[in-house]
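Working notes, structure below.
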Amino acid sequence: MDNKKAFRMTFASVYPYYIAKAERKGRTKDEVHAILHWLTGYDEQALQLQMEKKVDFETFFAQAPRINPNVSKITGVICGYRVEEIEDKLMQQIRYLDKLVDELAKGRAMDRILRK
0 MDNKKAFRMT FASVYPYYIA KAERKGRTKD EVHAILHWLT GYDEQALQLQ MEKKVDFETF
60 FAQAPRINPN VSKITGVICG YRVEEIEDKL MQQIRYLDKL VDELAKGRAM DRILRK
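According to numbering that gives the first Met the number 0, the sequence shown is numbered sequentially starting from 0.
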(Lines of atoms letter the chains of each structure in order from A and count residues from 1; the text may use other names and numbers.)
(Lines give C-alpha, C1' and ligand atoms only; values in the text may rest on other atoms or scores of the structure.)
Protein backbone atom coordinates (compact mmCIF):
# COMPACT_ATOMS: atom_id res chain seq x y z
CA MET A 1 0.00 0.00 0.00
CA ASP A 2 1.16 3.49 -0.81
CA ASN A 3 2.17 5.15 2.45
CA LYS A 4 0.43 8.41 1.55
CA LYS A 5 -2.82 6.54 1.01
CA ALA A 6 -2.51 4.87 4.41
CA PHE A 7 -1.69 8.16 6.12
CA ARG A 8 -4.81 9.82 4.64
CA MET A 9 -7.15 7.05 5.78
CA THR A 10 -9.26 8.17 8.70
CA PHE A 11 -8.73 6.43 11.98
CA ALA A 12 -12.53 6.20 12.37
CA SER A 13 -12.79 4.22 9.11
CA VAL A 14 -10.33 1.57 10.31
CA TYR A 15 -11.38 1.46 13.97
CA PRO A 16 -14.41 -0.83 13.37
CA TYR A 17 -12.08 -3.38 11.76
CA TYR A 18 -9.87 -3.43 14.86
CA ILE A 19 -12.94 -4.04 17.03
CA ALA A 20 -14.36 -6.69 14.68
CA LYS A 21 -11.04 -8.55 14.52
CA ALA A 22 -10.81 -8.66 18.30
CA GLU A 23 -14.44 -9.66 18.83
CA ARG A 24 -14.27 -12.44 16.21
CA LYS A 25 -11.58 -14.00 18.37
CA GLY A 26 -13.48 -13.60 21.64
CA ARG A 27 -11.76 -10.42 22.79
CA THR A 28 -13.46 -7.13 23.66
CA LYS A 29 -13.78 -3.52 22.57
CA ASP A 30 -12.48 -2.54 26.03
CA GLU A 31 -9.29 -4.50 25.39
CA VAL A 32 -8.80 -2.71 22.05
CA HIS A 33 -9.31 0.59 23.88
CA ALA A 34 -6.74 -0.44 26.51
CA ILE A 35 -4.26 -0.98 23.67
CA LEU A 36 -5.10 2.41 22.14
CA HIS A 37 -4.74 4.15 25.52
CA TRP A 38 -1.42 2.43 26.20
CA LEU A 39 0.00 3.18 22.75
CA THR A 40 -1.19 6.76 22.26
CA GLY A 41 -2.13 8.18 25.64
CA TYR A 42 -5.63 9.09 24.45
CA ASP A 43 -8.32 8.75 27.10
CA GLU A 44 -11.86 7.66 26.19
CA GLN A 45 -13.12 11.19 25.59
CA ALA A 46 -10.17 12.24 23.43
CA LEU A 47 -10.34 8.99 21.46
CA GLN A 48 -14.04 9.53 20.77
CA LEU A 49 -13.35 13.12 19.70
CA GLN A 50 -10.69 11.98 17.22
CA MET A 51 -13.20 9.57 15.68
CA GLU A 52 -15.94 12.21 15.54
CA LYS A 53 -13.56 14.64 13.83
CA LYS A 54 -12.63 11.86 11.38
CA VAL A 55 -8.93 12.63 11.61
CA ASP A 56 -6.51 10.78 9.37
CA PHE A 57 -3.81 8.51 10.79
CA GLU A 58 -1.20 11.22 10.40
CA THR A 59 -3.22 13.61 12.56
CA PHE A 60 -4.26 10.84 14.96
CA PHE A 61 -0.68 10.01 15.83
CA ALA A 62 0.60 13.61 15.61
CA GLN A 63 -1.99 14.70 18.18
CA ALA A 64 -1.52 11.69 20.44
CA PRO A 65 -0.97 12.92 24.00
CA ARG A 66 1.95 10.53 24.58
CA ILE A 67 3.30 7.70 22.50
CA ASN A 68 4.25 5.04 25.00
CA PRO A 69 8.01 4.97 25.60
CA ASN A 70 7.94 1.15 25.52
CA VAL A 71 6.96 0.95 21.84
CA SER A 72 10.49 -0.17 21.08
CA LYS A 73 9.57 -3.44 22.81
CA ILE A 74 7.03 -4.16 20.07
CA THR A 75 8.76 -6.50 17.66
CA GLY A 76 7.78 -9.02 15.06
CA VAL A 77 6.25 -9.20 11.62
CA ILE A 78 3.04 -7.56 10.48
CA CYS A 79 1.95 -7.42 6.85
CA GLY A 80 5.28 -8.94 5.85
CA TYR A 81 7.41 -6.25 7.51
CA ARG A 82 9.35 -6.33 10.76
CA VAL A 83 7.85 -3.46 12.76
CA GLU A 84 11.14 -2.60 14.40
CA GLU A 85 12.77 -2.09 10.98
CA ILE A 86 10.16 0.22 9.43
CA GLU A 87 11.95 3.50 8.71
CA ASP A 88 8.96 5.82 8.28
CA LYS A 89 7.94 6.79 11.83
CA LEU A 90 4.24 7.23 11.04
CA MET A 91 4.01 3.93 9.18
CA GLN A 92 5.80 2.29 12.08
CA GLN A 93 3.25 3.71 14.53
CA ILE A 94 0.37 2.46 12.38
CA ARG A 95 1.97 -0.98 12.22
CA TYR A 96 2.57 -0.97 15.98
CA LEU A 97 -1.18 -0.59 16.41
CA ASP A 98 -1.84 -3.31 13.85
CA LYS A 99 0.62 -5.61 15.61
CA LEU A 100 -0.91 -5.07 19.05
CA VAL A 101 -4.45 -5.73 17.79
CA ASP A 102 -3.14 -8.82 16.00
CA GLU A 103 -1.57 -10.09 19.22
CA LEU A 104 -4.89 -9.49 21.00
CA ALA A 105 -6.77 -11.47 18.34
CA LYS A 106 -4.26 -14.31 18.65
CA GLY A 107 -5.11 -14.67 22.33
CA ARG A 108 -2.04 -13.15 23.89
CA ALA A 109 -2.46 -11.96 27.50
CA MET A 110 -2.98 -8.22 27.97
CA ASP A 111 0.06 -7.92 30.25
CA ARG A 112 2.25 -9.27 27.44
CA ILE A 113 0.56 -7.12 24.78
CA LEU A 114 1.12 -4.00 26.90
CA ARG A 115 4.74 -5.04 27.48
CA LYS A 116 4.46 -5.18 31.27
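Glycine included, every Cβ here is placed at the ideal spot set by N, Cα and C. Source: prediction; values computed, not measured.
>> Under 8 Å: do the segment 19-27 and the segment 50-60 share three or more Cβ pairs, one atom per stretch?
In response: Using a C-beta cut-off of 8 Å, the segment 19-27 makes no contact with the segment 50-60, since fewer than three inter-stretch Cβ pairs fall below that distance.
> Tell me which same chain residues have a C-beta within less than 6 Å of the C-beta of Gln-92, skipping the five on either side of it?
Replying inline: In the sequence shown, residue 92 corresponds to position 93, counting from 1. Shown here for Gln-92: same chain residues with a beta carbon closer than 6 Å to its own, the five before and five after excluded, namely Phe-60 in chain order.
> Taking the DSSP output, what are the residues bridged to Thr-9?
Replying inline: Within the sequence shown, the letter at position 10 stands for residue 9. Its beta-bridge partners are Asp-55.
>> With a threshold of 8 Å, are at least 3 pairs of Cβ atoms found where one atom belongs to the segment 93-112 and the other to the segment 63-79?
In response: Three or more Cβ pairs closer than 8 Å define a contact, and the segment 93-112 meets that threshold against the segment 63-79.
>> Taking the beta carbon of Val-76 as the centre, do at least 16 other beta carbons fall within 10 Å, making it buried, or is it exposed?
In response: One-based indexing of the sequence shown puts residue 76 at position 77. Classification of Val-76: exposed, given that the 10 Å Cβ count is below 16.
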